[in-house]
Amino acid sequence: MLKGQRCKSKQSCVLFQRHGDSDVVDPLKNFILWCDSGNLTLSDKVCLSKEGTVAEYGMLAKEDIEEGHVLFSIPRECLLHQGTTAIKKVLEDGKESLESASGWVPLLLALLYEYTCPQSQWKPYLSLWPDFSKLDHPMFWADEEREQLLKGTGIPEAVKTDLEKLEAEYNNVVLPFMKSHSDLWDPERHTLELYKRLVAFVMAYSFQEPVEDVDEDEERAPNPPMMVPMADMLNHISKHNANLEYTLDCLKMVTVRRIEKGEEVFNTYGQMANWQLLHMYGFSEPFPTNSNDTADVQMSSVYKTAMQATKSKKDEQLLMDKWKMLSEMENVGEKGVFIFGQSGCLTNSELYTTLKVLCMSPQEFKEFRENEGWEDDDGDDDDKMEYALSFEGLMELTTEWKRLVHAAAGLTLDSYSEDVETDRRLLGDQEALGKLSSRERRALYVRYGQKKILERLQQLTKSSD
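Numbering (UniProt numbering), first residue to last: 1 to 465.
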């Protein structure tokens, strides 16, 4: 448990803000009371607020806070998951029929029940998100708007896949289970639309406890997601100042650097690019603050680029043979991508091997294929590949390798609705930027962050001829 004071004074834990005659933070007040009754301890150096934070809710420092300070501690019995819900026995008994690709069904069924149960012990917590209307993931945007604002980012394709899987999971797993337990769930009330909202809620607010270290040869499935009250009130930035720690009895949010009075307390959701943040959490970091931003180059774009350079049917056949072998080696895939971050390629092994094979002479490839892709021990090591495809090393690549990377990045840039210069001008015009809707602004940060990486990639691989 947290060393120090429990939250005795409710006024010390939350900022109450009134607008007109409406006390808009009643749910927040009730949540704090609920936390106190559940022995969830909160430091008197912080407060929850709806104002002065980057999102609907957030946590602010009331005074200077040193590194290593425990901001709050959450007993494990205060975590909401299939093992703590009132219907845990029903979920446990039906475990086999609730298996799905996502692994989220038990938690989602628990949320469907607890969210709509007037007597739920979790009501003060779940009431923080009335009807989940504040969730604005791209899955809730109209198809046309999503395509217009996010074309080329990879998000429209990811959302389409999500929605298809979500609907199939609801119809094939969730709905039959609810119908077999009509005393707990009603499909007329626990609809596909509510399920979709709860999926977004889990995407945006749940936590997954890290899997304990296991032997290299042993694989363990990831832990199922769980809802962590209080921890999910903290917003995210890549340069965060607090981190969630897991212990046997509780979860603790601990500062990782000094926090100044009035500063917002930020957790981290992991090393997330802006497109991942928007897709999974419904927000993006303003450009250029996200140090984890990335841009994807479709593997198929590298293939198309190489095919455009062929000069005969014989060349085309050789290229197809090379690509087939790369596919058999599981080095490339139809929907695969090469990922570039702020300092170079993050999938350097895959890209390095692809470029190397595509640029082999017929004789070199013949020997490579006869060896089934194996090379001598003096082949390329990880450090060499990492440097070669870093932004520092790209300029040293052979002309042929650079041409493939340059042209593939160009194909990716061409896939966006707007060119990079249009977005650059918009981002630099504060008046125009201020007139954008929240969705337009978030989409702009995603697009432009990706385009800047791709633009730099092109600059570094530009031919000197």
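Here a beta-carbon is modelled for each residue, glycine too, at the ideal position from N, C-alpha and C.
- Report all residues from its chain with a CB closer than 8 Å to the CB of glutamate 440; omit the five preceding and five following residues, and keep chain order. Along the sequence shown, one-based indexing puts residue 440 at 440. Same-chain partners within the cutoff: Leu149.
Contacts around aspartate 21, its chain only, beta-carbon distance under 6 Å, and the 5 residues preceding and following it disregarded = Within the sequence shown, numbered from 1, the residue matching residue 21 stands at position 21. Unreliable placement is indicated for aspartate 21, whose pLDDT of 39 sits below 50; the coordinate value is still reported in the next sentence. Contacts found: none.
Exposed or buried, aspartate 423, counting other C-beta atoms within 10 Å across all chains shown (16 or more means buried)?
Numbered from its first residue, the sequence shown carries residue 423 at position 423. Buried, by the Cβ-count rule.
Legend entry - Selection from Leu318, Met226 and Ser438 that minimises the alpha carbon distance to methionine 278: By one-based count along the sequence shown, residue 278 stands at place 278. Before going further, note that residue 278 is leucine rather than methionine in the sequence given. Answer by Cα proximity: Ser438.
Tell me serine 127's beta-bridge partners as DSSP assigns them.
Here residue 127 is taken as the residue at index 127 of the sequence shown, counted from 1. Looking at the DSSP assignment, serine 127 forms no beta bridge with any residue, so it has no partner.
Quiz item: Between the beta-carbon of alanine 231 and the beta-carbon of methionine 253, is there less than 9 Å?
Solution: Here residue 231 is taken as the residue at index 231 of the sequence shown, counted from 1. Here residue 253 is taken as the residue at index 253 of the sequence shown, counted from 1. The answer is yes: Cβ separation under 9 Å.
Worksheet item: Looking at the structure shown, is tyrosine 115 part of a helix, part of a strand, or coil, going by DSSP?
Response: Taking the first residue of the sequence shown as 1, we reach residue 115 at position 115. Here tyrosine 115 sits in helix by DSSP.
_With the cut-off set at 9 Å, would you say alanine 295 and isoleucine 339 are in Cβ contact?_
Position 295 of the sequence shown, counting from 1, holds the residue named residue 295. Position 339 of the sequence shown, counting from 1, holds the residue named residue 339. It is a contact, given that the beta carbons lie within the stated cut-off.
Identity of the residues DSSP links to asparagine 223 by a beta bridge: Here residue 223 is taken as the residue at index 223 of the sequence shown, counted from 1. Partner(s): none; asparagine 223 has no beta bridge.
**OP:** Take isoleucine 259 as the anchor and find which of Val46, Thr53 and Arg442 has the nearest alpha-carbon.
**Re:** The sequence position of residue 259 within the sequence shown is 259, counting from 1. Per the Cα distances, Val46.
Below 8 Å on the Cβ atoms is my guess for valine 54 versus glutamate 367; work out the distance and round it to an integer in Å.
Translated into the one-based positions of the sequence shown, residue 54 becomes position 54. Translated into the one-based positions of the sequence shown, residue 367 becomes position 367. Contact doesn't hold; Cβ gap of about 57 Å is too wide.
Q) What's the gap between the Cα of glutamate 350 and the Cα of phenylalanine 177? A) In the sequence shown, residue 350 corresponds to position 350, counting from 1. In the sequence shown, residue 177 corresponds to position 177, counting from 1. Taking the straight line from one Cα to the other gives about 43 Å.
If you draw a straight line from the C-alpha of alanine 122 to the C-alpha of lysine 95, how long is it? Along the sequence shown, read from residue 1 onward, the residue named residue 122 stands at position 122. Along the sequence shown, read from residue 1 onward, the residue named residue 95 stands at position 95. For the sequence presented, residue 122 should be read as tryptophan rather than alanine. So the alpha carbons of these two residues sit roughly 22 Å apart.
| said: Between the alpha carbons of lysine 435 and lysine 134, how many angstroms are there, rounded? | reply: Here residue 435 corresponds to residue number 435 of the sequence shown, with the count starting at 1. Here residue 134 corresponds to residue number 134 of the sequence shown, with the count starting at 1. Cα to Cα, the separation comes out at about 20 Å.
Next item on the list: Could you tell me how far apart the beta carbons of methionine 233 and leucine 79 are, in whole angstroms, since I believe they sit closer than 8 Å?
Entry: For the purposes of this step, residue 233 is taken as the residue at position 233 of the sequence shown. For the purposes of this step, residue 79 is taken as the residue at position 79 of the sequence shown. The pair is not a contact, with the Cβ atoms about 14 Å apart (cut-off 8 Å).
Residues near lysine 402 in its chain [Cβ-Cβ closer than 6 Å; skip 5 each side]:
Your numbering for residue 402 matches position 402 in the sequence shown. So the list reads Thr461, once near-sequence residues are dropped.
Hey, how far is the Cα of lysine 160 from the Cα of alanine 409?
As a position in the sequence shown, residue 160 is number 160, starting the count at 1. As a position in the sequence shown, residue 409 is number 409, starting the count at 1. When rounded, the distance between both Cα atoms is 24 Å.
So, does the region 323-339 touch the region 279-288, judging by three or more C-beta pairs under 8 Å? no
Worksheet item: Which residue comes first and which comes last in the alpha helix (DSSP H) that contains methionine 203?
Response: Walking along the sequence shown from the start, residue 203 turns up at place 203. 192-205 is the extent of the alpha helix (DSSP H) around methionine 203.
Exercise. At what residues does the alpha helix (DSSP H) containing glycine 58 begin and finish?
Worked result: Residue 58 sits at position 58 when you count from the first residue of the sequence shown. Premise fails: glycine 58 lies in the beta strand (DSSP E), 58-61, not in any alpha helix (DSSP H).
* Using the Cα positions of asparagine 292 and glutamine 342, report the straight-line distance between them to the nearest angstrom. => Working through the sequence shown from its first residue, we reach residue 292 at position 292. Working through the sequence shown from its first residue, we reach residue 342 at position 342. One C-alpha to the other measures close to 7 Å.
Per-residue burial, arginine 442 [other beta carbons within 10 Å of its own, 16 or more giving buried]: The count along the sequence shown starts at 1 and reaches residue 442 at position 442. By the 10 Å Cβ count, arginine 442 comes out buried.
Open item on the list: On the CB-based measure, 16 or more other CB atoms within 10 Å of its CB, does leucine 163 come out buried or exposed?
Closed with: Here residue 163 is taken as the residue at index 163 of the sequence shown, counted from 1. With fewer than 16 Cβ atoms within 10 Å of its Cβ, leucine 163 is classed as exposed.
Lysine 10 to histidine 240, Cα distance in whole Å? Taking the first residue of the sequence shown as position 1, residue 10 is located at position 10. Taking the first residue of the sequence shown as position 1, residue 240 is located at position 240. Low local confidence applies: a pLDDT of 35 at lysine 10 is under 50, so the model's placement there is unreliable, with the coordinate-based value given in what follows. Roughly 27 Å between the two C-alpha positions.
_Measuring straight from C-alpha to C-alpha, what distance separates serine 102 and serine 361?_
For the purposes of this step, residue 102 is taken as residue 102 along the sequence shown, with counting starting at 1. For the purposes of this step, residue 361 is taken as residue 361 along the sequence shown, with counting starting at 1. Rounded to whole angstroms, serine 102 to serine 361 spans 44 Å at the Cα level.
When you compare the region 235-250 with the region 418-432, are there three or more beta-carbon pairs, one atom per stretch, that lie closer than 8 Å? no
Short Cβ contact (9 Å threshold) for threonine 153 with tryptophan 275: Within the sequence shown, numbered from 1, the residue matching residue 153 stands at position 153. Within the sequence shown, numbered from 1, the residue matching residue 275 stands at position 275. Contact flag set, yes.
Query raised in the report: Just how far apart, CA to CA, sit methionine 272 and phenylalanine 31?
Result: Residue numbering aside, residue 272 sits at position 272 when the sequence shown is read from its first letter. Residue numbering aside, residue 31 sits at position 31 when the sequence shown is read from its first letter. Rounded to the nearest angstrom, the two C-alpha atoms are 29 Å apart.
key: Beta-carbon proximity of arginine 257 to glutamate 392, cut-off 9 Å   = Reading the sequence shown from its first residue, position 257 is the one you call residue 257. Reading the sequence shown from its first residue, position 392 is the one you call residue 392. Cβ distance not < 9 Å, so arginine 257 and glutamate 392 don't count as in contact.
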